[in-house]
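As structure tokens, the structure follows; a few thoughts come after it.
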Amino acid sequence: MGCYYSRLEREEMVSRCKARKRYMKQFVKARNAFSASHSMYLRSLRNTGAALLQFATAESPLHLPPVLPSSSPPTSPAPLPPPPPPPPMSPSSEAWTTSTTNTSSTPLPPPPPPPPPPSSTWDFWDPFMPMSERTETMRDDEWEAMSTNAASETVVTTTTVGSASVAAPPSAVSGFSKITVSNATQNGMPVVVSSKSKDLLEIIKELDEYFLRAADSGGKLSALLEVPTCTFPNETSSGKIHGYGLNLNPFLCSWSSSGRSMKFNCDGMTAVDAIHIPGSHRSTVERLFEWEKKLFDEVKNAESLKMEHEKKVEQLRKLELKRGDYMKTEKAKKEVEKLESRITVSGQAIESTSQEIVKLRETELYPQLVELVKGLMSMWRSLYESHQVQTHIVQQLKYITTAAPSTATTTEIHRQSTLQLELEVKQWHLSFCNLIKSQRDYIQSLTGWLRLSLFQFTKNSSSQNKQDSAIYTLCEEWQLAVDNAPDKVASEGINSLLSVVHAIVVQQGEEMKEKRRADLSFREVEKKTSELRGLESKYGSGDRVVDKRGKVEVLRAKAEEERGKYEKSRGVTRAMTLNNLQMGLPHVFQAVTGFANVWTHAFESVCNQAKVLEEVHDVKRIMN
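Here the UniProt record's numbering is used: the first residue of the sequence shown is 1, the next is one more, and so on.
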């Protein structure tokens, strides 16, 4: 019996259908993972912006608590330890990541002193140009306008991608000046030039606006992937969202609810209009899986009948050759005829099931895939536009000399906002990796299934539909785009931001340790000083008092030394915070902008290929 089933499983048709069923099972899981990862990525964009804004708010001088004056003379900060260098870039992305190199080893030069008022107009500059080249190509009047001119408050940003021109919302880019659009915009460069110097909080507020815009970019795709769009109704003071089991940091929640307008959705987006395509993608995929399971059982049964038929035909042949018993021969003939009848019925069932699969694939799955590719193209174009403007915005960080006074102490609010930022950047990195992986799994399982399912179990080979080549070509192009995506560079870019934020977390921990040591030392001095006063009032200035006074002075000197270490540590923390942001933020936005640009063009190519195939099929239908 075991050998029989082993032979049955090895039959080509059975083996093929088993593989088809396996691919479709993987496709069902991949679709679910794709939907979930898409939701999580958009949510991570929104949360990263919120965490950055909370972090900048805590770092703002207006939000810092006063530092108690020290009895010791001011101490100069210790040398700033170098932040962790960004991970190495892969060769495939060097063309669009040139401006990220050598930023961690050399400090950015300060802008030249302002010359007399300029008479020339602005030039356009490339955010991916190395800083040294950009400095050389920009005139002194441009530096002055970028760093000192605060008169212009006109807000216009223009981004051109392909033939589409997009104007940024005024509220999102306050402080950018209007300039004339030149040929530079034809290459997809946004026209964004800073017209005044801003502090850290103002810059991060602008960044956050574009994080929100980026998070809203996947609405159409969310509808296609059937991501639930349910708003979070009730938020408690602890950050728990009733009914969804989502825990948010209370510092972030309390700040978000009062200082920042946020619309919570399950996928971090507002609801969008329903997309009118045939059927539900999830339902289509699940029904295809059910039909594939049915087809596998039917093909397995048909092959089993064929094997049984072969066996009975051989027995009949032997009986006829031997001129055996008439009754046995007639019985064998009837068994063969019965099996032939069952094989015919089985073949009809296979034909019917195959037609249902073809119908689903042609009338539902293919249009859904075309819309998905269009949704991906639209989403990544919007992400490219948002991240490109963010790349320009963070260039202003180089003009900031201090985010907070060097004497400012790290408070618990500082600590919590930095830990929250680390958590959200880590989630951004993880969700990006999951987004790419889930889409790879999705298209690989689909293409694998198509390679096998395009072979139809029909008697007439001409019944293979013309749509077959269209859907397969679409998925081949899609898989090529996904396989060639430079996601490693973007992933490393986000991870480099995580590294510099983690370095701030570590330094804040060291500062708080130094503070605890200094506090303990001064409490010990106060205790021993109190004991000394008691001895002085009781014994005057005897040897015992002199000895005690000497010990107190030693403790006081030690306490002053601990205070000095703590003050130096404070200066290191403040300087590291600004330095790491100046390095990490431009790097990450250059990386994700480059990735979004590559994928925008990739999905445009896939869409154009699908359009050409549709036009060819339309011509053929008219001619036929």
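Note that beta-carbon positions come from the ideal geometry of N, C-alpha and C, so glycine has one too. Just so we're clear, the structure is a prediction, and the values are computed from it rather than from any experiment.
In terms of residues, what are the limits of the alpha helix (DSSP H) holding residue i?
i: G534; result: D487 to Y539
i: L450; result: E412 to S453
i: A30; result: E12 to E59
i: T407; result: Careful: T407 lies outside any alpha helix (DSSP H) and carries neither H nor E.
i: Q355; result: Y326 to L360
i: D140; result: D140 to S147
Consult DSSP for residue i and reduce its assignment to one of helix, strand or coil.
i: D297; result: helix
i: V227; result: coil
i: T401; result: coil
i: N580; result: helix
i: K198; result: coil
i: R381; result: helix
i: N484; result: coil
i: R570; result: helix
i: G550; result: helix
i: E615; result: helix
i: R323; result: coil
i: S280; result: coil
i: G219; result: helix
i: G542; result: coil
i: S605; result: helix
Whose C-beta lies closer than 8 Å to the C-beta of residue i among residues of the same chain, with five residues either side of it excluded?
i: Q508; result: T410, H414, R415, T418 and T573
i: V588; result: G493, I494, S496 and L497
i: A481; result: W599, A602, F603, S605 and V606
i: S346; result: E298, N301, A302 and L305
i: E356; result: W291
i: M13; result: V299, A302, E303 and F457
i: R544; result: L535
i: I350; result: L295, E298, V299, A302 and F457
With distance defined between alpha-carbon atoms, name the residue in the options nearest to residue i.
i: K611; options: V28, E524, T473 and H587; result: T473
i: L520; options: R556, E492 and E536; result: R556
i: residue 687; options: L535, N47, A503 and F55; result: Since the first residue shown for the chain is 1 and the last is 624, residue 687 is missing from the structure and cannot be characterised.
i: G550; options: K300, L581, E371 and L532; result: L532
i: E340; options: S304, K198 and E320; result: S304
i: S35; options: Q368, L288, K306 and L224; result: L224
i: E226; options: R31, L201 and F432; result: R31
i: L365; options: S537, T447, E330 and N608; result: T447
i: Y41; options: K331, W291, G218 and S15; result: G218
i: E424; options: A33, S37, A51 and A19; result: A51
i: F27; options: L316, S431 and R440; result: R440
i: V501; options: K333, A408 and G584; result: G584
i: V525; options: E511, E562 and V489; result: E562
i: E292; options: T48, L430, S445 and K25; result: K25
i: W428; options: F289, E286 and A490; result: A490
i: L45; options: K328, I400, L435 and E286; result: L435
i: R517; options: S569, I471 and S541; result: S569
i: Q479; options: E320, V373, Y326 and D543; result: V373
i: Q590; options: E476, Q390 and S469; result: Q390
i: R282; options: A33, E553 and R22; result: A33
i: S431; options: E477, A19, K29 and H38; result: H38
i: K488; options: V592, E476, N580 and E553; result: V592
i: V506; options: L288, E422, S354 and K21; result: E422
i: residue 631; options: G375, R317, S280 and H392; result: The structure shown does not extend to residue 631, since the chain spans only 1 to 624, so no value can be given for it.
i: V313; options: E337, E553 and R22; result: E337
i: A408; options: K527, M512, E553 and Q609; result: M512
Can you give me the Cβ contacts of residue i inside the same chain, cut-off strictly under 6 Å, excluding the 5 residues immediately before and after it?
i: K515; result: Y566
i: Q395; result: none
i: I204; result: L52, L53 and A56
i: A214; result: L45, L383 and S386
So, at 7 Å on beta carbons, what are the nonlocal neighbours of residue i in its own chain, with the 5 sequence-adjacent residues on each side left out?
i: C17; result: L295, F296 and V299
i: F522; result: A559
i: E379; result: Per the sequence presented here, residue 379 reads as Met, with Glu not at that position. S217, G218 and L221.
i: L319; result: K328, T329 and A332
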